[in-house]
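Here the sequence shown stands for residues 12 to 223, numbered as in the numbering used here. Heads up, the beta-carbon is just placed ideally off N, CA and C, and yes, glycines get one too. Working notes for the structure below.
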Amino acid sequence: MSAHTMRIDPRQLATLVGSRLCHDLVSPIGAIGNGIELLELSDDFPGLTQTPEMRLIADSVSAAQNRLQSFRIAFGHASSDQSITTAQLKKLLSGMMAHRRIKVDLIAYGTFPHDHIRMVLLATMCLEHALSKGGNVTVRHSETGWKLTADAEETRADTALWAWLDQTETPPQRNPSPSPSEVQFLLLAEAAADCGRALSWELTGRGAGIAF
């Protein structure tokens, strides 16, 4: 290989891998969902789909499908020339938090760039991490940008983790290496930098907020 061979940016490579994984998982999970629907329509197994075991499978498949749709945007390749409507965003947020103890309210109107919605989903995942015992999240869009706020009886107040959202070279008290379940914090900071968006956050014992 030539020493001058162009190499792909690691961040772009990561988003392409994320897109590929989500794309390849959608089909088999969708097939399982279709199979469950066929069982529900069949007369050969009366009462089968109403058993606790089948309802658990059906609910799990539905939750996986909804999360995958959100993951495709949050962890996949985001193109600035693509757009997402408010109705689509509402469906993505609802699907992401389905079967969780978190209620999401969306206050937004219009159509938004794909890369901005990616930031919204990543920010929602950051708030989800803080609301380990459940709570409420409000996603609001205005002329000044996006503001996401969360409130709960108790939050996971890990300021060292949230310091990854600080857009400085050496933020104080930063976690050395987030776990896989915390990767959204790194990705949100990178996405904000790529979009040229200023990112701010706050975290208290009973609430959290992210704005950009």
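Apply the 10 Å Cβ neighbour rule to residue i and answer buried if 16 or more other Cβ atoms are within range, or exposed otherwise.
i: N45; result: exposed
i: V115; result: buried
i: G121; result: exposed
i: V28; result: exposed
i: E139; result: buried
i: L67; result: exposed
i: L123; result: Contrary to the premise, residue 123 reads as Phe rather than Leu in this sequence. By the neighbour-count rule (16 or more Cβ atoms within 10 Å), F123 is buried.
i: G87; result: buried
i: G146; result: buried
i: A42; result: exposed
i: T26; result: buried
i: I19; result: exposed
For residue i, list the residues DSSP reports as bridge partners.
i: L117; result: V150
i: E213; result: G220
i: W157; result: H152
i: F196; result: F196 is not bridged to any residue.
i: T122; result: T96
i: D205; result: Answer is none; D205 lacks a bridge partner.
i: D169; result: Per DSSP, none; premise fails for D169.
i: D162; result: N147, G218
Once you ignore the five residues that flank residue i on each side, which residues in its own chain have a CB closer than 7 Å to its CB?
i: R129; result: I84, A85, A89, A202
i: G156; result: A222, F223
i: W212; result: W173, L176, G220, I221
i: E51; result: T60
i: L142; result: I113, A161, A163, T166
i: A134; result: L159, L199, I221
For residue i, which residues from the same chain have a beta carbon less than 6 Å from its beta carbon, with the 5 sequence-adjacent residues on both sides left out?
i: V150; result: L117, L159
i: I47; result: A69
Assuming residue i and residue j are in contact, meaning their beta carbons sit under 8 Å apart, how far apart are those beta carbons, in whole angstroms?
i: A163; j: R111; result: About 12 Å; that fails the 8 Å criterion.
i: L210; j: E193; result: With 8 Å as the limit, L210 and E193 do not qualify as a contact, their Cβ atoms being about 16 Å apart.
i: A200; j: Q178; result: 7 Å
i: Q195; j: M108; result: With a Cβ gap of about 14 Å, Q195 and M108 do not count as contacting.
i: Q76; j: H125; result: That pair is no contact at about 20 Å.
i: L132; j: A119; result: L132 to A119, Cβ: 13 Å. No contact.
i: A168; j: L103; result: With a Cβ gap of about 27 Å, A168 and L103 do not count as contacting.
i: C206; j: H127; result: 7 Å
Cβ of residue i versus every heavy atom of the ligand NAP: is any distance shorter than 8 Å?
i: D35; result: For the ligand NAP, the structure offers nothing, since it holds no ligand at all.
Once you ignore the five residues that flank residue i on each side, which residues in its own chain have a CB closer than 8 Å to its CB?
i: L79; result: C33, L36, V37, I40
i: P189; result: L172, W175, F196, L197
i: F82; result: G29, C33
i: S105; result: N77, V115
Every unbroken alpha helix (DSSP H) inside the stretch 15-53 [4 residues or more]: 21-52
Those runs of the beta strand (DSSP E) which lie wholly inside the stretch 56-110 and span at least 3 residues: 94-96
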